[in-house]
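In what follows, a structure is listed as structure tokens, so that the remarks can point back to it.
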DNA sequence: AATGAACGAACGATCGTTCATTCTATGACA
DNA sequence: TGTCATAGAATGAACGATCGTTCGTTCATT
């Protein structure tokens, strides 16, 4: 159940349809069973031991198909890794935007996005690990202007500044800090150093990022 | 000059001695010129294309020595990568603690640490990139209880909570968010999306993390 | 029978590592 | 001062393993 953490205060939970969330439908692409098996196996191994640490033979074995069959669907290992990354990277950004849209105000939007990322981490940890913890390899290759989680945060925060919901600051620094705070929290959970009810975590992280964006407290 | 950003409001800037900061002396180890050349070349390549993307021949070429010479100083490629990581990871934690110690209060301590990390990023970007952006590979191998940047943040924040400088919260969540905010800011600078005076950045990031730790603002 | 997916042996390249050999710096001795 | 023995460092060819990729063949479906 991918919507278990998504509570956006009385607003339609997510834009996910009956056939699953957007990022699922896009990563596990249309109909082709073999291609899906390849992508799922590759994603799992890439998340576990990295792209370089995974051989095409490993992928074939994990997918339960032959080595040569992979090349019926992908030109190369590099294209396979890039296809999975870029597709998911863009889809996640779209989905983040979608879950935030119906919410009113920066707090509700931010909470919806954070809840979505956490729910994705629960339902598909391989995808989150591959995307966020190996992103430095692929990020320079992402075309500017294309859908991108970072720009979702930046746009959200910039918009809140324009509407005087939060004070004016460098939107890039603010977006970086907010995104980093969220990702690192997931990272620490992954390392086993945080063992908390994910619902509480969502509230804590939402509150923390909002304070980070807020006016300074007069002590 | 590694101390150019370290301004801890009238307190001795860092514990670095005349022979350079601790993290430098430890990564570029004692006296042996060849070993230093190997480590410096390896660090540069590891930061650039990752450990798996770097061959021992690459390292030898970049260091200007022969392939076999590396094995006079390291048992294997894995040991080389691990030696560089674990040594630097522990040293950075020690240095963070050292620059924070003479400072009074969470704000000054946090600023000193952030200034130190930013100065390190300026003086040795390879080291920062290798440590922070490829840490997921090595982190599970770090012995618990050993010196660790994460625990420095956690200890600092936990201590501030005990002394009522900041409100009581889950210290692991707080430490994760603070550390993530700092690292991601550096990451965004690396991607060329932030082009600011580093001194301003230090202030902004310090303020942001402190708000994140502070009391909620009554709107 | 025809078509396209699946198969897996084989290929050349490159990997980490080894090791027999060569180089070089040092110090004892004439 | 000049000579040479010696130890440790440096060298790079070679080895076996494994890599990504190819392609002739088989299989399954219509």
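Chains as they are written, first to last, in the numbering used here: chain A, 19 to 237; chain B, 19 to 237.
Yeah, the Cβ is synthetic: ideal placement off N, Cα and C, and Gly gets one too.
Interface annotation, residue 173 of chain A: not in contact with chain B, CB-CB separation never under 7 Å. With a threshold of 7 Å between beta carbons, residue 201 of chain A makes contact with chain B.
Taking the Cα of residue 123 of chain A as reference, the smallest distance to any Cα among A/217, A/184, A/60 is reached at A/184. In this structure, residue 199 of chain B sits near residue 227 of chain B, with a CB-CB distance shorter than 7 Å. Proximity of residue 212 of chain B to chain A, defined by a Cβ-Cβ separation below 7 Å, is satisfied.
Between the alpha carbons of residue 131 of chain A and residue 91 of chain B lies a gap of roughly 49 Å. Contact annotation: residue 170 of chain A and residue 115 of chain A have beta-carbon atoms nearer than 7 Å. Taken atom to atom, the span from the alpha-carbon of residue 163 of chain B to that of residue 177 of chain A is near 43 Å.
Annotated as proximal: residue 197 of chain B and residue 202 of chain A, with beta-carbon spacing under 7 Å.
Around the CB of residue 231 of chain B, 16 or more other CB atoms lie within 10 Å, so the residue is classed as buried. Judged by their CB atoms, residue 216 of chain B and residue 136 of chain B are nearer to each other than the 7 Å cut-off. For residue 154 of chain B, the residues of chain A that pass the 7 Å Cβ criterion are 151, in the order they occur in the chain.
Annotation for residue 79 of chain B: the continuous alpha helix (DSSP H) segment containing it runs 74 to 81. Under the 7 Å criterion on CB atoms, residue 191 of chain A is classed as interfacial with respect to chain B.
DSSP places residue 221 of chain A in the uninterrupted alpha helix (DSSP H) bounded by 216 to 231. Counting the other CB atoms within 10 Å of its CB gives residue 68 of chain B a total of 16 or more, which places it among the buried residues. Residue environment: residue 168 of chain B is assigned as buried (16 or more neighbouring CB atoms within 10 Å of its CB, all protein chains considered). The alpha carbon of residue 229 of chain A has as its nearest neighbour, out of B/133, B/192, B/99, the alpha carbon of B/192. Within the region 124 to 162 of chain A, complete alpha helix (DSSP H) segments of at least 4 residues are found at 143 to 151, 153 to 156, given in chain order. CA-to-CA, the gap between residue 118 of chain A and residue 81 of chain B works out to about 51 Å.
Annotation: residue 187 of chain A to residue 65 of chain B spans about 31 Å, alpha carbon to alpha carbon. Under the three-state reduction of DSSP, residue 188 of chain A is assigned to coil, being neither helix nor strand.
Distance between residue 53 of chain A and residue 88 of chain A, taken at the CA atoms: about 8 Å. Among the residues facing chain A, residue 226 of chain B is included, as its CB has a counterpart in that chain under 7 Å away.
With its beta carbon less than 7 Å from one in chain B, residue 197 of chain A belongs to the interface.
The closest CA to that of residue 127 of chain A, considering only A/97, A/175, A/145, is found on A/175. Boundaries of the alpha helix (DSSP H) around residue 167 of chain A: 167 to 180. By the C-beta density criterion, residue 145 of chain B is buried, having at least 16 other C-beta atoms within 10 angstroms. Residues of chain A whose Cβ lies closer than 7 Å to the Cβ of residue 108 of chain B do not exist, since the nearest Cβ in that chain is about 17 Å away. The beta carbon of residue 103 of chain B sits closer than 6 Å to the beta carbons of 156 from its chain, once the five residues preceding and following it are set aside; these are given in chain order.
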